[in-house]
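Participant: Structure incoming, see below.
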Amino acid sequence: METQRVQAIAKASGDTIPAEFIRPETEQPALTTFNGPIPEVPVIDFSNPDENNLVSLISNASQEWSFFQIINHGLPTEATKNLLKVGREFFELSDEEKEVYAKVPGSDSLEGYGTKLQKEIAGKKAWVDYLFHFIWPPSSINYKFWPKNPPSYREANEEYAKCLIPIVDKLLMLLSLGLGVERHVIKEAVGGDSLEYLLKINYYPPCPRPDLALGVPPHTDMSAVTLLVPNEVQGLQVLKYDRWIDAKYITNALIVHIGDQVEILSNGKYRSVLHRSTVNKEKTRMSWPVFCSPPADMVVGPLPQLVTEENPAKYKFKKYKDYEYCKLNKIPQ
Ligand SMILES: O=C(O)CCC(=O)C(=O)O
Ligand SMILES: [Fe+2]
């Protein structure tokens, strides 16, 4: 039998949700979201012409938060608007039309339309459907997973990928300088121009009990870095000072997550960010993270420049595909 999508479950729900969507109390948003005065997630002006200053802002935010928003990043508003529009239109298609792109059961690839990613504790389910496919470089793209409808889907996604490249390059450059290594070092260590951009579209239908359910449960991204745009419905939270705090929605900002591969390369100086997403009672929330990750066979480990006798390597060297396999199957790294 076909897996039931959350979109269909949401349509059929009255004011309750099936038991498998009710999180344990330690995870329920109503009990665990912090709502008091707390420092705001850093917002960084990416057009700052003072490079040294920008390096220290990015480096501090990466060390203290592992998470920040960038503004004035140069991504054309039109490109983002179109990406969001075609993604939303895809999820508004009939179930049959969407199922054409379903993830191949049992395949190693993340690509395709689906409902479940990581194995979850106690069989709990996440209130989200998603679509995954590569958008860059061209050699990584499998158009089989790119919706043909709406017809402008392909053009909008290609344009967005192209606009994102200089921003990712600049970010990796600033992160390198923040570690005191040369500007090209992190990019090369994650594959250079073979760095892969995997787009995920998260679709969180309205949920009758947003106090009890979660969208994506707590996790760190296994990417090097993730750049995300949400729709206007707030829901992304990060763990800071042991509390879950909301990332405020800022129009036209790009949200940056430090992922596991940068944590490994930096030998722990930058940590990957623990985050989760909540859902909304009336509104559909959507988000478009792009996971920038090394190619499958690339071996990633702490940068030799950062490993000394006083600061020995804290992480193993591992092929990215092996890292991914362990992470998805909850096998200790
Ligand atoms: O929807 C969000 O804002 C976050 C989603 C996320 O963390 C993920 O898909 O990895
Ligand atoms: Fe994530």
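The end of the sequence shown is residue 333 by full-length UniProt numbering, with every number in the run present. Even glycine gets a Cβ: it sits at the ideal position worked out from N, Cα and C.
(1) Given 7 Å as the limit, tell me if S272 has its C-beta closer than that to any heavy atom belonging to ligand 1.
(2) Of the residues T33, P138, Y153, which one's Cα is nearest the Cα of L83?
(3) Could you please give the first and the last residue of the uninterrupted beta strand (DSSP E) stretch that includes Q69?
(4) Taking three-plus beta-carbon pairs below 8 Å as touching, is the stretch 276-292 in contact with the stretch 77-97?
(5) What are the start and end residues of the alpha helix (DSSP H) that includes R88?
(6) Comparing alpha-carbon positions, which option in T26, L172, E159 lies nearest F46?
(7) Given the structure, does V216 come close to ligand 1, in the sense that its CB is under 7 Å from one of the ligand's heavy atoms?
(8) Taking the straight line between their C-alpha atoms, what separation do you get for M1 and E96?
(9) State whether the stretch 128-138 contacts the stretch 64-81, with contact taken as three or more CB pairs (one from each stretch) at a distance under 8 Å.
(10) Have a look at the DSSP bridge pairing and note the partners of G114.
(11) For a test of your reading of the model: does the CB of P289 fall under 7 Å from any non-hydrogen atom of ligand 1? Yes or no.
(12) Cβ of K248 versus every heavy atom of ligand 1: is any distance shorter than 7 Å?
(13) Can you round the beta-carbon distance between L131 and K269 to whole angstroms, since I take them to be within the 8 Å contact cut?
(14) Per DSSP, what are the beta-bridge partners of Y204 in this structure?
(15) One question on the structure: do V181 and L303 come within less than 8 Å of each other, judged by their Cβ atoms?
(16) If you follow the beta strand (DSSP E) that P230 is in, where does it begin and where does it stop?
(17) Assuming H73 and L254 form a contact by the criterion Cβ under 8 Å, report the distance between their Cβ atoms to the nearest whole angstrom.
(18) In its own chain, which residues sit with a C-beta less than 7 Å from the C-beta of V128, not counting the 5 before and 5 after it?
(19) If you draw a straight line from the alpha carbon of L274 to that of H219, how long is it in whole angstroms?
(20) Taking a contact to mean a Cβ-Cβ separation below 8 Å, would you say V300 touches Y320 in this structure?
(21) Alpha carbon to alpha carbon, how far is K200 from F134?
(22) Find the nearest neighbour of I272 within the set I331, L110, F68, judged by alpha-carbon distance.
(23) Would you kindly report the start and end of the unbroken alpha helix (DSSP H) that includes I258?
(24) Which word fits F91, buried or exposed, when buried means at least 16 other C-beta atoms lie within 10 angstroms of its C-beta?
(25) Given that a residue counts as buried once 16 or more other Cβ atoms are within 10 Å of its Cβ, and exposed if not, what is K316?
(26) Please indicate yes or no: does the CB of D221 lie closer than 7 Å to some heavy atom of ligand 2?
(27) Counting only the same chain and skipping the five closest in sequence on each side, list residues whose C-beta sits under 6 Å from that of Y160.
(28) Closest to I186 by C-alpha separation, out of Q261, T26, D297, P24, would be which residue?
(29) Taking all protein chains shown into account, do 16 or more other C-beta atoms lie within 10 angstroms of the C-beta of A247, making it buried, or fewer, making it exposed?
(30) Let me know if A19 comes out buried or exposed under the rule of 16 or more other beta-carbons within 10 Å of its beta-carbon.
(31) Quick check: the Cα distance between I331 and Y325, rounded to an integer number of angstroms?
(32) For I58, which residues from the same chain have a beta carbon less than 8 Å from its beta carbon, with the 5 sequence-adjacent residues on both sides left out?
(33) Would you mind reading off the limits of the alpha helix (DSSP H) that contains K321?
(34) Below 8 Å on the Cβ atoms is my guess for L75 versus L198; work out the distance and round it to an integer in Å.
(35) Any chance the CB of H133 is under 7 Å from a heavy atom of ligand 2?
Facilitator: Answer, in terms of the structure:
(1) On the sequence shown, residue 272 is found 272 positions in, with the first residue counted as 1. It does not: the Cβ of S272 is nowhere closer than 7 Å to a heavy atom of ligand 1.
(2) Against the sequence shown, residue 83 aligns to sequence position 83. Of the candidates T33, P138, Y153, the one whose C-alpha sits nearest the C-alpha of L83 is Y153.
(3) Along the sequence shown, one-based indexing puts residue 69 at 69. Unbroken beta strand (DSSP E) run through Q69: 67-71.
(4) yes
(5) Taking the sequence shown and counting its residues from 1, the one referred to as residue 88 is at position 88. From DSSP, the alpha helix (DSSP H) with R88 extends over 77-91.
(6) Looking up residue 46 in the sequence shown gives position 46. The residue with the shortest Cα to Cα distance from F46 is L172.
(7) If you number the sequence shown from 1, residue 216 lands on position 216. Yes; taking the cut-off as 7 Å, the Cβ of V216 has a heavy atom of ligand 1 nearer than that.
(8) Here the question's residue 1 lines up with position 1 in the sequence shown. Here the question's residue 96 lines up with position 96 in the sequence shown. The predicted model places M1 with a pLDDT of 38, which falls under 50 and marks its position as unreliable; any figure quoted below should be read in that light. Roughly 14 Å separates the two Cα atoms.
(9) With a cut-off of 8 Å, the stretch 64-81 and the stretch 128-138 do not count as touching, because too few Cβ pairs lie within range.
(10) Your numbering for residue 114 matches position 114 in the sequence shown. Partner(s): Y130.
(11) Taking the first residue of the sequence shown as position 1, residue 289 is located at position 289. Because some heavy atom of ligand 1 lies under 7 Å away, the Cβ of P289 counts as near it: yes.
(12) Along the sequence shown, one-based indexing puts residue 248 at 248. Incorrect: K248 has no Cβ contact closer than 7 Å to ligand 1.
(13) The sequence position of residue 131 within the sequence shown is 131, counting from 1. The sequence position of residue 269 within the sequence shown is 269, counting from 1. At roughly 34 Å, the Cβ-Cβ gap does not stay under 8 Å, so L131 and K269 are not in contact.
(14) Reading the sequence shown from its first residue, position 204 is the one you call residue 204. Beta-bridge pairing links Y204 to R285.
(15) For the purposes of this step, residue 181 is identified with residue 181 of the sequence shown, where counting begins at 1. For the purposes of this step, residue 303 is identified with residue 303 of the sequence shown, where counting begins at 1. Result yes, Cβ atoms of V181 and L303 sit closer than 8 Å.
(16) To locate residue 230, count along the sequence shown from 1; it is residue 230. Bounds of the beta strand (DSSP E) holding P230 are 225-230.
(17) Indexing the sequence shown from 1 puts residue 73 at position 73. Indexing the sequence shown from 1 puts residue 254 at position 254. Confirmed, Cβ separation roughly 5 Å.
(18) The residue given as residue 128 occupies position 128 in the sequence shown. Answer for V128: V6, N202, Y203, Y204, G215, V216, listed in chain order.
(19) Translated into the one-based positions of the sequence shown, residue 274 becomes position 274. Translated into the one-based positions of the sequence shown, residue 219 becomes position 219. Roughly 5 Å separates the two Cα atoms.
(20) As a working note, residue 300 is residue 300 in the sequence shown. As a working note, residue 320 is residue 320 in the sequence shown. Contact annotation: V300 and Y320 have beta-carbon atoms nearer than 8 Å.
(21) The residue you call residue 200 lines up with position 200 of the sequence shown. The residue you call residue 134 lines up with position 134 of the sequence shown. Cα-Cα distance, rounded: 9 Å.
(22) Along the sequence shown, one-based indexing puts residue 272 at 272. Correcting the residue identity first, residue 272 is Ser in this sequence and not Ile. Nearest C-alpha to S272: F68.
(23) One-based indexing of the sequence shown puts residue 258 at position 258. No alpha helix (DSSP H) contains I258, which is instead part of the beta strand (DSSP E) from 254-258.
(24) Sequence index remark: in the sequence shown, residue 91 carries index 91 (1-based). By the 10 Å Cβ count, F91 comes out buried.
(25) Reading the sequence shown from its first residue, position 316 is the one you call residue 316. In the assembly as shown, K316 is an exposed residue. Its beta-carbon has fewer than 16 other beta-carbons within 10 Å.
(26) Reading the sequence shown from its first residue, position 221 is the one you call residue 221. Residue side-chain check: D221 places its Cβ nearer than 7 Å to a non-hydrogen atom of ligand 2.
(27) Counted from its first residue, the sequence shown places residue 160 at position 160. Excluding positions up to five away in sequence, the list reads A79, L83.
(28) In the sequence shown, counting from the first residue as 1, residue 186 sits at position 186. Considering only alpha carbons, the answer is Q261.
(29) Position 247 of the sequence shown, counted from the start, is the residue given in the question as residue 247. Flag for A247 reads buried.
(30) As a working mapping, residue 19 is identified with position 19 in the sequence shown. Looking at its Cβ environment, which holds fewer than 16 other Cβ atoms inside 10 Å, A19 is exposed.
(31) Residue mapping note: residue 331 aligns to position 331 of the sequence shown, counting from 1. Residue mapping note: residue 325 aligns to position 325 of the sequence shown, counting from 1. Looking at the two C-alpha atoms, the distance is approximately 8 Å.
(32) If you number the sequence shown from 1, residue 58 lands on position 58. The residues are I44, F68, L171, L174, L175, G178.
(33) Position 321 of the sequence shown holds residue 321. Unbroken alpha helix (DSSP H) run through K321: 320-328.
(34) Within the sequence shown, the letter at position 75 stands for residue 75. Within the sequence shown, the letter at position 198 stands for residue 198. Not confirmed; about 18 Å, so no contact.
(35) Translated into the one-based positions of the sequence shown, residue 133 becomes position 133. It does not: the Cβ of H133 is nowhere closer than 7 Å to a heavy atom of ligand 2.
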